[in-house]
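I have placed the structure first, in the form of structure tokens, so that the comments after it can refer back to it.
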Amino acid sequence: MSSYIRIDGDGVDLVGARMIWRKASSGGRAGFVFQLTGHGGRHVLHVAGWAPGEAITDLSGQVITIQSPGPDCAADGRLFSLAVIRFGRVRETSLVASIDGTVEDLDPGSDARSELESDIRATVAASQDPRWCLSCGTSLEPHVTEVDEFVGGVRVRMAATRVLCPDCADFAEAPRFCPICGSGYDPAEVRTLSADGAIGYTADCPAGHRYSGHLGG
Ligand SMILES: [Zn+2]
Ligand SMILES: [Zn+2]
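Quick note on numbering: the sequence shown equals residues 272 to 488 in my numbering.
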């Protein structure tokens, strides 16, 4: 099965799709925030929501209706007014799902609505949250806080971690340690956009993690 998106009957094949997830509870219930994205030429599909479960494979067979999609639910530059995601089998590394929804024009003067349907076969991966201070390499685990957010119209609570430990909060130089695995960067693999103030950077660690961000400001 290939992935496709069809809007008002016009179909396009998607060349790639993936789902990134992170643990998030809602009303005290364990679950996951998920972001499904698909690409096919100029066509882009992006759907974010929350589903209950203890393991990501618990999404298998679930039907998630997003009644009040936010700006994180869009297709082809149009926002969803309703989206229904039917998960088929969800594994640790891949899934199949179908998405049905209504998308509306961004132009507030237009009430044009289109029906969208999409079948996707996607790769699955956990989001990579920072675990190590990129300045000194110390563990960030003691500094994890929780944030409340709305995702797909659902209030969720999830862990949030700054990429710097409190001792390094003012650090604004080139990153030294991979926030994902803690290994030291080869300076040649750290690319910064400017040498002072807010530094935008992209760095590749010896284990192959690519991390981008900016510091200071
Ligand atoms: Zn530090
Ligand atoms: Zn790494």
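All residues carry an ideal CB built from backbone N, CA and C; glycine is no exception.
Nearest-angstrom Cα separation, counted from residue j out to residue i
i: P323; j: G332; result: 12 Å
i: L387; j: F305; result: 20 Å
i: I335; j: V415; result: 29 Å
i: G348; j: V318; result: 12 Å
i: A471; j: S339; result: The sequence given here has Gly at residue 471, not Ala. So the alpha carbons of these two residues sit roughly 34 Å apart.
i: V355; j: I370; result: 6 Å
i: G468; j: A443; result: Because G468 carries a pLDDT of 49, less than 50, the predicted location of this residue cannot be relied on, and the following value inherits that uncertainty. Rounded to whole angstroms, G468 to A443 spans 7 Å at the Cα level.
Boundaries (first-last residue) of the beta strand (DSSP E) holding residue i
i: P323; result: H314 to P323
i: F358; result: R349 to V361
i: H480; result: No beta strand (DSSP E) contains H480, which DSSP labels as neither H nor E.
i: T373; result: S365 to E375
i: V427; result: V425 to A431
Specify which residues have a beta carbon nearer than 6 Å to any heavy atom of ligand 2, listing them in chain order. Taking each Cβ in turn, the ones that pass are C449, I451, C452, S454, C476, A478 and H480.
Evaluate contact between the segment 416-432 and the segment 286-298, counting only Cβ atoms and requiring at least three cross-stretch pairs below 8 Å. Contact holds: three or more Cβ-Cβ distances are below 8 Å.
Should the segment 446-454 be regarded as contacting the segment 360-373, the criterion being three or more beta carbon pairs within less than 8 Å? Touching, no, given that fewer than three Cβ pairs across the two stretches are closer than 8 Å.
Three or more C-beta pairs below 8 Å linking the segment 341-357 and the segment 365-374: Yes, the segment 341-357 is in contact with the segment 365-374.
Any residue with its C-beta under 6 Å from a non-hydrogen atom of ligand 1 counts. Can you list them all in chain order? With the cut-off at 6 Å, the residues found are C404, S406, C407, T409, L435, C436, D438 and C439.
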